[in-house]
Each structure stands twice: as structure tokens, then as C-alpha cells.
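Visitor: Numbering (this note's numbering), first residue to last: 35 to 324.
This is the structure I want to talk about, given as C-alpha cells.
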């Protein structure tokens with residue numbers, strides 16, 4: 035098992051980061067020293083690490099074992115009892131809910147943060163908004179020129195973060211009717227590369243994480259999405275995200291099974307507290323109440 039100390043300052047806490055994309059040979063066996071074992075979506079590693087470290091600073095008797103093996107493994111380990119909790123930006127599937135019911139278990143979920151996708155264009159672009167069908171056409175490759183949208187016959191260059199498969203799947207399912215992003219799109223390694231490429235490429239468009247895109251508004255322009263039924267624009271701003279009106283936002287959940295122990299309950303309360311929620315923006319997601 036790969037073991038990494040999260041901080042030399044807090045000698046009593048050791049976090050095990052079993053992120054499949056980074057480490058290999060990770061075990062799902064629960065550490066005997068851990069009071070709280072957390073599994074789940076690897077993209078939430080920075081937030082889980084920070085919360086565990088901060089909570090230990092105020093409750094030194096609580097040990098953490100943080101495994102991040104993905105949604106499916108997180109769910110399986112919660113069901114088997116090798117994890118106390120798992121975090122994910124996905125709802126449980128019908129199959130997972132059926133398994134929970136068949137085993138007579140009760141799983142509870144808490145919204146602990148929010149994340150999502152923002153569509154960005156170059157800062158001086160004339161594009162302010164797109165209709166859902168236009169977004170689908172651009173990102174699926176059905177149209178390759180801005181002529182069909184803005185009237186200017188200029189080629190469209192699409193950028194996206196090829197490493198964030200969960201986000202790309204969510205985007206494609208939500209606005210591309212399940213189709214894949216066009217093969218002519220340029221896949222980059224992270225959101226910052228996408229933002230840089232869009233900001234320096236004429237007639238470019240791309241997708242990035244909500245926080246990264248909104249924090250880069252001096253370089254790129256996040257665009258609104260047309261709500262066809264209401265005939266209004268829906269921008270990626272906090273009021274629309276808070277009330278689940280922005281179509282590319284989603285909740286981040288903490289799942290747990292059965293009754294919480296005192297330490298588990300206190301930890302979740304900390305995550306949702308004002309102090310806990312201060313940490314989320316630095317970890318690439320938005321506060322639960324955003």
C-alpha cells in the first residue's frame with residue numbers, strides 16, 4: 035500500500051491516498067488506526083485531504099484513512115464496510131439503489147459542495163450565449179464554423195480537459211444527448227491549459243470546471259445558456275447555481291450507511307460549517323450553498 039503523511043505538523047494523522055490514476059497496488063483494506071475511512075471520486079482528493087487535515091487539527095484523537103478509488107469502488111467499499119463514507123458528484127444508479135435495498139441497508143447522502151462545467155470563449159468574442167442545440171452542434175462537430183451562429187465564417191476550435199472523464203461524461207450526457215465530444219477537438223491536460231488556449235486562440239470555445247472558468251474571467255468569457263422553455267438566459271452565476279437553474283451544475287455528495295458515530299457526525303458538521311465551506315473554492319468546487 036502506498037502511504038503518504040499528509041502533514042508533519044499533525045503527527046497523529048496519516049492519510050492514505052489510493053488514487054488509481056497516480057498510485058498502483060492500493061488496498062481497500064481499512065486501516066486499524068483509522069476512525070473515519072473515506073473513499074470516492076478521485077477528483078475530490080484535494081477537498082477531502084484538506085477537510086481531514088483541518089478537522090484533525092481541532093480533534094486530534096480522530097484518525098483518517100482517505101482512499102480515492104472512484105465512484106464504483108467507493109460505493110462497493112461503503113457497502114462492504116471497508117469505508118465509512120464515500121464522496122461522489124454522481125447520484126446512485128438504479129442498480130446501486132437496488133443492491134442497497136436487497137441488502138436491507140439504508141444509505142444517506144449529504145450535499146457537501148457543488149461543481150460543474152462552464153463553457154468559455156475568448157474574452158473579446160462576440161458570443162454571449164448559446165442555445166442548447168447550438169452547444170450540441172459545436173461540441174459534437176456537426177458545425178465547424180461560427181457562420182451558423184454569429185454570421186461570421188470563421189472556423190471553430192474546440193478545447194477541453196481530456197483528463198476529467200467524469201466531467202466530460204456529465205457534459206455530454208447533459209447537453210450532447212450522450213454523443214461524444216468531436217474528435218477534432220483539442221484535448222488538453224488540465225483546466226488551466228484549456229483556459230490559456232481559449233484565451234489566446236481566435237474563435238475558440240472550450241469547457242472547464244466551474245470554479246476555474248469563473249476565476250479566469252479576466253482572460254476568458256463564460257457564456258450563458260438559453261433556457262428554451264422560459265425563453266431567458268441562464269448565466270453560470272452563483273444565484274442560478276444555488277437554485278439548480280444552471281444546467282451544467284451538479285451537487286457533490288457525501289454518502290454514508292446507517293447511523294453515524296460521534297466522530298463521523300462531527301466531521302460532516304465541520305464539512306458543512308462556515309469554516310469547512312471556506313476550503314472548497316481552493317479545492318476546485320463551490321460551497322454547498324452556492
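Note that beta-carbon positions come from the ideal geometry of N, C-alpha and C, so glycine has one too.
Fair warning: this is a prediction, and the values are worked out from it, not measured in the lab.
I need the straight-line Cα distance from residue 291 to residue 239, nearest angstrom please.
Guide: Roughly 42 Å between the two C-alpha positions.
Visitor: Report the three-state DSSP secondary structure of residue 73 (helix, strand or coil).
Guide: Strand, per DSSP.
Visitor: To the nearest whole angstrom, what separates the beta carbons of residue 119 and residue 112, a pair I think is in contact under 8 Å?
Guide: 7 Å between Cβ atoms; contact.
Visitor: In whole angstroms, what separates the C-alpha of residue 286 from that of residue 159?
Guide: Roughly 32 Å between the two C-alpha positions.
Visitor: Mind checking which residues open and close the beta strand (DSSP E) that includes residue 147?
Guide: Counting along the chain, the beta strand (DSSP E) containing residue 147 begins and ends at 141-156.
Visitor: What does the alpha-carbon distance come out to for the pair residue 310 and residue 271?
Guide: Cα to Cα, the separation comes out at about 22 Å.
Visitor: Taking C-beta to C-beta, are residue 205 and residue 282 nearer than 8 Å?
Guide: Their beta carbons are under 8 Å apart, which means residue 205 touches residue 282 by this criterion.
Visitor: Alpha carbon to alpha carbon, how far is residue 233 from residue 71?
Guide: Near 41 Å, if we compare the C-alpha coordinates of residue 71 and residue 233.
Visitor: Check whether the Cβ atoms of residue 220 and residue 193 sit closer than 8 Å, and answer yes or no.
Guide: Contact flag set, yes.
Visitor: Considering only the beta carbon of each residue, do residue 210 and residue 170 sit closer than 8 Å?
Guide: Yes. Within cutoff.
Visitor: Can you give the beta carbon distance from residue 190 to residue 172, rounded, assuming they're within the 8 Å contact cut?
Guide: Right, the Cβ-Cβ distance comes to about 6 Å (below 8 Å), so this counts as a contact.
Visitor: Looking only at its chain, what residues have a beta carbon closer than 6 Å to the beta carbon of residue 305, apart from the 5 residues adjacent to it on each side?
Guide: So the qualifying residues of the chain are 85, 146.
Visitor: From residue 235 to residue 265, what distance separates their C-alpha atoms?
Guide: Going from the Cα of residue 235 to the Cα of residue 265 covers about 31 Å.
Visitor: Would residue 195 pass as a contact of residue 228 if the rule is Cβ separation under 8 Å?
Guide: Taking 8 Å as the Cβ cut-off, residue 195 and residue 228 qualify as a contacting pair.
Visitor: Please report how far the alpha carbon of residue 251 lies from the alpha carbon of residue 140, in whole angstroms.
Guide: So the two alpha carbons sit approximately 43 Å from each other.
Visitor: Would you report the Cα separation of residue 52 and residue 100, rounded to the nearest angstrom?
Guide: Legend: pLDDT at residue 52 = 36, less than 50; position of this residue unreliable, value from coordinates given subsequently. The alpha-carbon atoms of residue 52 and residue 100 are separated by roughly 8 Å.
Visitor: Identify the continuous alpha helix (DSSP H) that holds residue 286 and give its terminal residues.
Guide: Here residue 286 belongs to no alpha helix (DSSP H); instead the beta strand (DSSP E) covers 283-291.
Visitor: Does residue 307 come out as helix, strand or coil in the three-state DSSP assignment?
Guide: Looking at residue 307 - three-state DSSP - the assignment turns out to be coil, as it is neither helix nor strand.
Visitor: Could you check the C-alpha separation between residue 77 and residue 268 for me, to the nearest Å?
Guide: The alpha-carbon atoms of residue 77 and residue 268 are separated by roughly 26 Å.
Visitor: Tell me the start and end of each unbroken beta strand (DSSP E) in the segment 157-211 that is at least 3 residues and wholly inside, in chain order.
Guide: Runs of the beta strand (DSSP E) inside the segment 157-211: 191-195.
Visitor: How is the beta strand (DSSP E) around residue 228 delimited, first residue to last?
Guide: Taken as a continuous stretch (DSSP letters only), residue 228 belongs to no beta strand (DSSP E), being part of the alpha helix (DSSP H) at 225-234.
Visitor: Taking all protein chains shown into account, decide if residue 319 is buried (16 or more other Cβ within 10 angstroms of its Cβ) or exposed.
Guide: So residue 319 counts as buried.
Visitor: Just the Cα atoms here: how many angstroms apart are residue 149 and residue 215?
Guide: Going from the Cα of residue 149 to the Cα of residue 215 covers about 20 Å.
Visitor: Would you kindly check if the distance between the Cβ of residue 109 and the Cβ of residue 130 is under 8 Å?
Guide: Result yes, Cβ atoms of residue 130 and residue 109 sit closer than 8 Å.
Visitor: I need the boundaries of the beta strand (DSSP E) containing residue 255, first residue and last residue.
Guide: Taken as a continuous stretch (DSSP letters only), the beta strand (DSSP E) holding residue 255 covers 254-256.
Visitor: When the Cα atoms are used, what is the spatial distance from residue 396 to residue 321?
Guide: The question about residue 396 has no answer here: the residues shown for the chain are numbered 35 through 324.
Visitor: Quick one: using the 10 Å Cβ neighbour count with 16 as the cut-off for buried, is residue 275 buried or exposed?
Guide: Buried, since its Cβ has 16 or more Cβ neighbours within 10 Å.
Visitor: Measure the alpha-carbon distance for residue 168 versus residue 203 and round it to whole angstroms.
Guide: Looking at the two C-alpha atoms, the distance is approximately 18 Å.
Visitor: Below 8 Å CB to CB, which residues in the same chain sit around residue 256 once its five sequence neighbours on both sides are set aside?
Guide: Closer than 8 Å at the Cβ level, and outside the excluded window around residue 256, lie 152, 153, 154, 247, 248, 269, 270.
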